[in-house]
Amino acid sequence: MSRTYRLESRSITWGFLSPWLLTLGLFWLWPLLYSFYLSFTSYKTLSNQMTWIGLGNYSRLFGDEVFWKALVNTLMFVVGTIPFTTIFALLLAVLLNKNIAWKGFYRSGYFIPSVTSIVVLSLIFTNLYSHDGYINNLLKMVGLPWPKEGWLLNTGTALAAIMAMDVWIAIGYYTVLFLAALQTIPNDLYEAASLDGATQWNQFRTVTLPGLRPMLLFIIVINTIRSFQVFTEVYVMTKGGPLNATTTLVYQVYEHAFERADMMGYASAVAYVAFLLILAVSLVQFRLLGVNREVGS
Numbered sequence: 009m010s011r012t013y014r015l016e017s018r019s020i021t022w023g024f025l026s027p028w029l030l031t032l033g034l035f036w037l038w039p040l041l042y043s044f045y046l047s048f049t050s051y052k053t054l055s056n057q058m059t060w061i062g063l064g065n066y067s068r069l070f071g072d073e074v075f076w077k078a079l080v081n082t083l084m085f086v087v088g089t090i091p092f093t094t095i096f097a098l099l100l101a102v103l104l105n106k107n108i109a110w111k112g113f114y115r116s117g118y119f120i121p122s123v124t125s126i127v128v129l130s131l132i133f134t135n136l137y138s139h140d141g142y143i144n145n146l147l148k149m150v151g152l153p154w155p156k157e158g159w160l161l162n163t164g165t166a167l168a169a170i171m172a173m174d175v176w177i178a179i180g181y182y183t184v185l186f187l188a189a190l191q192t193i194p195n196d197l198y199e200a201a202s203l204d205g206a207t208q209w210n211q212f213r214t215v216t217l218p219g220l221r222p223m224l225l226f227i228i229v230i231n232t233i234r235s236f237q238v239f240t241e242v243y244v245m246t247k248g249g250p251l252n253a254t255t256t257l258v259y260q261v262y263e264h265a266f267e268r269a270d271m272m273g274y275a276s277a278v279a280y281v282a283f284l285l286i287l288a289v290s291l292v293q294f295r296l297l298g299v300n301r302e303v304g305s
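Read in order, the letters of the sequence shown are residues 9 to 305 in my numbering.
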């Protein structure tokens, strides 16, 4: 009787899991494995021709100047956005966690950009960054220099302009995550620290930061993965220009896979290099931030 019950229980469990497993296999595992196979071929989408070329795509990739430019741009984007996004989000969360007037309004206001379509925001910022946009007009009024051709058409400012917009968009989401983590820190710790004569800074350093450590690790890792995958802003605002100044790894994958339909194999190779890079950086972050010590404790 018990054996029959266990069999029925397992059947029900697998029955509930089967739709999820089927979806995972069809839309994640199969494309992942198939794209890995394609990276060793010269697959041409339009003619449906596939020739095995081994490591040909990878050797070509490392000799491609545009790939190295895209890699540098991607790394600059990651390094240039993560510190600002994390620090500003943390500071905002600490401020919004205090008893201030209109706290709910401010929390909602900072979160709105994170739930707004990136395409819409990219179009808005494209107008702001144009040669006669509000930003240039403001700089003219105060007598500061400005790129006359517009921020997105200048090779020296295009990537920085997209990075600034990305930081503004992402801050709200990570602020909410930090706020959620702040709610888990007991007030007793702050009261005890205050009785011991700890200043606001010492309370932040000895109570708040240790309490936020797991969330800080989570935010840094997911922010890194998100920054490595930047695409929509580049596609809408610059198409990788000017002169590949904003071309990123994911945009290069898209360009070779869909705009040049005869280079699907090469695009798959770029995608797997990007995947390995993201994986390596994430593992290093886990190591440096002491995730093993955190789990062990």
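For each residue, glycine too, the CB sits at the ideal point set by N, CA and C. It should be emphasised that the depicted structure is a prediction, and the values quoted were computed from it without experimental measurement.
Are there 16 or more other CB atoms within 10 angstroms of the CB of residue 288, so buried, or fewer, so exposed?
Translated into the one-based positions of the sequence shown, residue 288 becomes position 280. When all chains shown are included, residue 288 counts as exposed.
By DSSP, does residue 292 sit in helix, in strand, or in coil?
The residue given as residue 292 occupies position 284 in the sequence shown. In this structure, residue 292 counts as helix in the three-state DSSP scheme.
For residue 211, which three-state DSSP category applies?
Working through the sequence shown from its first residue, we reach residue 211 at position 203. Note: residue 211 maps to helix in three-state DSSP.
Proximity below 7 Å, CB of residue 183 to CB of residue 265:
Counted from its first residue, the sequence shown places residue 183 at position 175. Counted from its first residue, the sequence shown places residue 265 at position 257. Not in contact: residue 183 and residue 265 (Cβ atoms no closer than 7 Å).
Apart from the five residues just before and just after residue 260, which ones in its own chain have a Cβ nearer than 6 Å to its Cβ?
Numbered from 1 along the sequence shown, position 252 holds the residue referred to as residue 260. The residues are 78 and 278.
Entirely enclosed alpha helix (DSSP H) segments - the segment 184-208, minimum 4 residues
195-203
Need the endpoints of the alpha helix (DSSP H) that residue 78 sits in, please.
Residue 78 sits at position 70 when you count from the first residue of the sequence shown. Segment 73-104, the alpha helix (DSSP H) holding residue 78.
Please classify residue 76: is it buried, with 16 or more other beta-carbons within 10 angstroms of its beta-carbon, or exposed?
Working through the sequence shown from its first residue, we reach residue 76 at position 68. Exposed: under 16 other Cβ atoms inside 10 Å.
Secondary structure of residue 110, DSSP reduced to three states
One-based indexing of the sequence shown puts residue 110 at position 102. DSSP places residue 110 in coil when its eight states are reduced to three.
Is the segment 101-117 in contact with the segment 177-192, if contact means three or more CB pairs nearer than 8 Å?
yes
Report the rounded CA-to-CA distance for residue 204 versus residue 227, giving the unit in angstroms.
For the purposes of this step, residue 204 is taken as the residue at position 196 of the sequence shown. For the purposes of this step, residue 227 is taken as the residue at position 219 of the sequence shown. If I take the Cα positions, the gap works out to 31 Å.
Could you pull the DSSP bridge partners for residue 52 from this structure?
Taking the sequence shown and counting its residues from 1, the one referred to as residue 52 is at position 44. Answer is 57.
Which same chain residues end up closer than 7 Å to residue 254 when comparing Cβ atoms and leaving out the 5 residues on each side of it in sequence?
As a working mapping, residue 254 is identified with position 246 in the sequence shown. Excluding positions up to five away in sequence, the list reads 81, 166, 167, 170, 242, 246 and 248.
Can you say whether residue 256 is buried or exposed, counting buried as having 16 or more other CB atoms within 10 angstroms of its CB?
Mapped onto the sequence shown, residue 256 falls at position 248. Looking at its Cβ environment, which holds 16 or more other Cβ atoms inside 10 Å, residue 256 is buried.
What's the C-alpha gap between residue 303 and residue 202?
To locate residue 303, count along the sequence shown from 1; it is residue 295. To locate residue 202, count along the sequence shown from 1; it is residue 194. Note that residue 303 scores 42 on pLDDT, short of 50, meaning its location in the model is unreliable and no value can be drawn from it.
Which parts of the segment 251-283 are runs of the alpha helix (DSSP H), unbroken and 4 residues or longer, counting only runs that do not cross its ends?
257-262
State the start and end residues of the unbroken alpha helix (DSSP H) segment that holds residue 148.
Counted from its first residue, the sequence shown places residue 148 at position 140. That run of the alpha helix (DSSP H) goes 142-150.
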